[in-house]
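Before any comments, here is the structure.
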Amino acid sequence: MLWVAIIGLVMTVLAVAVAGRRALFLFKLATVGPPAPERIDYAKAHAADEAKAQLVEVFGQKKLLKWTPSGVAHFFVMWAFFILLTVYIEAYGAIIQGAITGTPDFHIPLIGTWAVLGFLQDFIAVACVLGLIAFAAIRIKNSPDKLGRRSRFSGSHLGGAWLVLFMIFNIIWTLFLARGASAANGNFPYSSGAFVSLALGDVLPDSALLEEIALLLHIGFMLVFLVIVVNSKHLHIFTAPLNVLFSRRPDGLGGAPEMRVAGKVVDFEDEDLDPEKLGRGKIADTTWKGFLDFYSCTECGRCQSQCPAWNTDKPLSPKMLILDQRDHAFKVAPYLLAAQQGVEHKDTDVLALLDKPLVGEDGVIHPDVLWSCTNCGACVEQCPVDIEHIDHILDMRRYQVMVESSFPSEAGVMVKNLENKGNPWGMSEMKRADWIEELATSVDGQQVEVEVVEDKMPEDAEYLFWVGCAGALEDRAKKTTKAVAELLHIAGVKFAVLGPMEACTGDPARRLGMEYLFNMLAQQNIETLNEAGVKKIVATCPHCFNTLANEYPQLGGTYEVVHHTQLLSKLVDEGLLTPITPIEEKITYHDPCFLGRHNKVYSQPRDIMSKVPGVQTQEMHRHKDRGFCCGAGGARMWMEERIGKRINTERVDEALTTNPDTVSTACPFCMVMLGDAINEKKNNGEAKESLEVVDVAQLLIKSVKGAS
Numbered sequence: 001m002l003w004v005a006i007i008g009l010v011m012t013v014l015a016v017a018v019a020g021r022r023a024l025f026l027f028k029l030a031t032v033g034p035p036a037p038e039r040i041d042y043a044k045a046h047a048a049d050e051a052k053a054q055l056v057e058v059f060g061q062k063k064l065l066k067w068t069p070s071g072v073a074h075f076f077v078m079w080a081f082f083i084l085l086t087v088y089i090e091a092y093g094a095i096i097q098g099a100i101t102g103t104p105d106f107h108i109p110l111i112g113t114w115a116v117l118g119f120l121q122d123f124i125a126v127a128c129v130l131g132l133i134a135f136a137a138i139r140i141k142n143s144p145d146k147l148g149r150r151s152r153f154s155g156s157h158l159g160g161a162w163l164v165l166f167m168i169f170n171i172i173w174t175l176f177l178a179r180g181a182s183a184a185n186g187n188f189p190y191s192s193g194a195f196v197s198l199a200l201g202d203v204l205p206d207s208a209l210l211e212e213i214a215l216l217l218h219i220g221f222m223l224v225f226l227v228i229v230v231n232s233k234h235l236h237i238f239t240a241p242l243n244v245l246f247s248r249r250p251d252g253l254g255g256a257p258e259m260r261v262a263g264k265v266v267d268f269e270d271e272d273l274d275p276e277k278l279g280r281g282k283i284a285d286t287t288w289k290g291f292l293d294f295y296s297c298t299e300c301g302r303c304q305s306q307c308p309a310w311n312t313d314k315p316l317s318p319k320m321l322i323l324d325q326r327d328h329a330f331k332v333a334p335y336l337l338a339a340q341q342g343v344e345h346k347d348t349d350v351l352a353l354l355d356k357p358l359v360g361e362d363g364v365i366h367p368d369v370l371w372s373c374t375n376c377g378a379c380v381e382q383c384p385v386d387i388e389h390i391d392h393i394l395d396m397r398r399y400q401v402m403v404e405s406s407f408p409s410e411a412g413v414m415v416k417n418l419e420n421k422g423n424p425w426g427m428s429e430m431k432r433a434d435w436i437e438e439l440a441t442s443v444d445g446q447q448v449e450v451e452v453v454e455d456k457m458p459e460d461a462e463y464l465f466w467v468g469c470a471g472a473l474e475d476r477a478k479k480t481t482k483a484v485a486e487l488l489h490i491a492g493v494k495f496a497v498l499g500p501m502e503a504c505t506g507d508p509a510r511r512l513g514m515e516y517l518f519n520m521l522a523q524q525n526i527e528t529l530n531e532a533g534v535k536k537i538v539a540t541c542p543h544c545f546n547t548l549a550n551e552y553p554q555l556g557g558t559y560e561v562v563h564h565t566q567l568l569s570k571l572v573d574e575g576l577l578t579p580i581t582p583i584e585e586k587i588t589y590h591d592p593c594f595l596g597r598h599n600k601v602y603s604q605p606r607d608i609m610s611k612v613p614g615v616q617t618q619e620m621h622r623h624k625d626r627g628f629c630c631g632a633g634g635a636r637m638w639m640e641e642r643i644g645k646r647i648n649t650e651r652v653d654e655a656l657t658t659n660p661d662t663v664s665t666a667c668p669f670c671m672v673m674l675g676d677a678i679n680e681k682k683n684n685g686e687a688k689e690s691l692e693v694v695d696v697a698q699l700l701i702k703s704v705k706g707a708s
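Using full-length UniProt numbering, the first residue of the sequence shown is number 1, and each one after it goes up by one.
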């Protein structure tokens with residue numbers, strides 16, 4: 001047995017050395033870029049929350065289990081890694097004890113002879129094999145060769161995945177061979193429980209050599225697998241827990257992260273600010289958290305399968321966005337690390353590689369990929385290892401917009417309008433109060449009084465009603481604004497509006513990448529809100545809601561912000577609003593991305609509709625956290641959609657499968673996008689003329705007032 005111990009220990013030292021060298025390389029590469037101190041600070045300050053995240057997401061596999069077949073398979077394969085560590089303790093103990101005493105009958109102290117442990121080891125190994133079979137079946141069924149871009153594995157490194165499955169299988173069969181041989185030789189620590197190993201022991205010959213070879217094979221396959229793991233996408237075994245630990249909480253959605261240079265939040269009034277360092281222009285500008293995203297990608301394609309851009313034949317795949325950066329990082333890594341050590345490169349090919357832009361016609365990421373993103377968050381929502389795709393896109397957009405001045409030309413009109421008029425349409429700020437004049441009379445025949453803030457919030461006003469640019473200036477959205485104002489009046493909720501003093505929250509600018517303009521608009525609004533003494537805000541636009549609630553605190557503007565569906569649902573529950581008149585319609589609800597996925601408001605709009613008599617609700621196939629975007633987010637509301645099928649058309653096609661009388665939503669952008677697509681369908685005779693898009697508030701006021 002001495003020769004077995006020597007070979008086993010030599011193999012172990014060599015494999016650990018090779019894997020350790022690779023780990024050191026990965027660490028050095030990840031720390032080439034700027035720091036991300038905010039990630040460490042948050043993890044330290046919220047240790048309990050981070051521990052919970054590890055339990056739920058890593059050990060509990062919460063996100064993976066949303067995809068039941070593959071999720072269950074992964075759950076058992078992952079837990080096999082943890083539980084079968086005890087088998088490796090036993091294997092190493094056996095070869096060392098065998099070398100010393102000549103009898104490899106090692107068992108783990110205290111628990112090493114428990115039948116429960118033996119059963120658990122064999123059970124999880126069998127479950128692991130079944131998981132491998134499931135993985136193989138899923139990959140064959142969803143093969144890109146058969147499905148093309150409809151396969152979520154399209155673009156993934158398929159060969160490496162099959163190699164890893166093969167290696168795990170080798171680990172499991174050699175595990176059973178070693179345990180069976182041990183049982184046959186009388187060296188097995190379990191007299192019961194280990195049902196597979198003991199059964200094999202009954203049929204295998206009593207052979208010390210077989211046991212020795214089996215132990216070496218088992219340890220050898222494990223060590224080879226270790227080396228493969230640190231050089232493949234299965235690196236996520238080690239990096240995914242770290243990526244979860246340092247991800248944004250409660251998730252990578254909601255507010256966009258502050259822009260930083262060298263780890264510090266950008267101050268645009270800083271005279272020493274180097275404008276060339278804004279955003280991310282080269283791979284070396286990526287923080288270590290960004291590299292953790294690269295290392296953690298499992299290439300599972302869940303993000304790709306849910307992406308509205310990819311599903312409408314656009315070039316953006318969230319998965320490939322990460323993989324293309326990762327592949328480029330590995331290609332440039334030797335020269336990047338050498339340059340960090342002071343080596344001056346003179347080879348033109350090396351210099352060209354080092355200077356290769358992240359975004360460009362000949363860059364790592366094509367501009368059409370970057371500008372196809374709607375910021376809907378489907379990728380981040382589905383990613384099982386908490387990769388933050390939108391953060392990558394925003395950082396690259398910031399560089400393109402503020403450093404390269406390179407972005408879709410039509411978005412430039414929106415930017416100029418925000419700069420000059422404070423709204424994306426370029427209309428006069430005085431028109432922000434026109435809807436008040438148009439407001440219909442209330443139930444009791446009295447004109448609904450809408451107070452406009454002059455200096456301070458009225459003492460009896462509980463909420464500031466943030467009307468938003470669309471709600472004040474866009475005809476379809478103004479209907480929602482009037483409905484909400486009437487409903488608040490009927491419920492006795494006192495509110496006021498800013499009127500001409502209100503400006504765009506800055507969401508379109510920030511999502512475009514124009515961080516400077518966002519800061520300017522946000523600080524202007526925060527100053528107005530603080531001077532007026534605003535504490536509570538209700539907003540009808542999910543983009544305004546998200547920005548006010550999640551992004552203004554970054555600049556010192558902290559308020560209690562609710563979406564109108566949240567407030568109206570509460571008022572209905574409290575009996576302050578009573579839907580009476582039946583609305584005999586079949587209605588399908590579209591989840592706005594910035595209300596649903598970004599802020600997890602799913603139930604309140606549905607609760608309101610459920611309280612309206614006569615309404616029959618029918619969910620679309622893709623809804624709630626898997627809802628499909630309307631195409632307006634990420635500043636795409638103001639950009640032309642020239643590639644592939646229009647996203648709003650795809651969504652309306654899905655809505656039409658429910659044969660609705662009405663499509664409801666809770667976002668002015670969604671109303672515009674879905675309304676345009678429905679009108680197109682009507683013109684083509686593909687939708688009934690009576691079909692319309694309305695806000696949930698419009699349904700509620702119709703039932704409460706009994707209006708026709």
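We put the beta carbon where it would ideally sit given N, CA and C, even for glycine. None of the values given here were measured: they were computed from a predicted structure.
Contact check, residue i vs residue j under 8 Å by CB: the rounded distance?
i: C303; j: P318; result: 4 Å
i: V448; j: A496; result: Not really, about 13 Å apart at Cβ, beyond 8 Å.
i: M396; j: R280; result: 5 Å
i: L178; j: G201; result: Position check: residue 178 holds Ala in this sequence, whereas Leu was assumed. In fact, because the Cβ distance is near 11 Å, the residues do not count as touching under 8 Å.
i: T547; j: G506; result: 7 Å
Could you tell me which residues DSSP pairs with residue i in its beta bridges?
i: V13; result: DSSP, once it has assigned bridges, lists no residue as partnering V13.
i: Y463; result: F495
i: E269; result: Paired residue(s): none; E269 is not in a bridge.
i: V359; result: I365
i: V452; result: V497
Got a sec, what are the start and stop residues for the alpha helix (DSSP H) residue i sits in?
i: K146; result: 144-147
i: H328; result: 318-340
i: N185; result: Taken as a continuous stretch (DSSP letters only), N185 belongs to no alpha helix (DSSP H), as it is neither H nor E.
i: I647; result: 647-656
i: W435; result: 434-438
i: L198; result: 195-203
i: A378; result: 378-382
Let's see if you can read the secondary structure: which residues bound the beta strand (DSSP E) around residue i?
i: E50; result: No beta strand (DSSP E) holds E50; the alpha helix (DSSP H) holding it covers 47-53.
i: E560; result: 560-563
For residue i, which three-state DSSP category applies?
i: V369; result: helix
i: Q698; result: helix
i: S664; result: strand
i: R260; result: strand
i: E404; result: coil
i: H392; result: helix
i: E692; result: strand
i: G706; result: coil
i: V484; result: helix
i: E429; result: helix
i: Q447; result: strand
i: V227; result: helix
i: V415; result: helix
i: H234; result: helix
i: V350; result: helix
i: H218; result: helix
i: P34; result: coil
i: S409; result: helix
i: M167; result: helix
i: S569; result: helix
i: N659; result: coil
i: F27; result: helix
Can you confirm whether residue i, when its beta carbon is compared against all beta carbons of chain C, has any partner nearer than 9 Å?
i: G533; result: No chain C appears in this structure, which consists of one protein chain only.
Notebook entry, point to check: Where in the stretch 572-620 do unbroken runs of the beta strand (DSSP E), each at least 3 residues long, occur, reported from the N-terminal end onward?
Noted result: 586-589
Margin query: Give the list of continuous beta strand (DSSP E) stretches no shorter than 3 residues that lie fully inside the stretch 506-544.
Written below: 536-539
Note to self: Runs of 4 residues minimum, wholly inside the stretch 58-125: which ones carry the alpha helix (DSSP H) assignment?
What the structure shows: 68-83, 85-101
Item checked: Length at least 3, wholly inside the UniProt domain "4Fe-4S ferredoxin-type" (288-315): the beta strand (DSSP E) runs in chain order -> none
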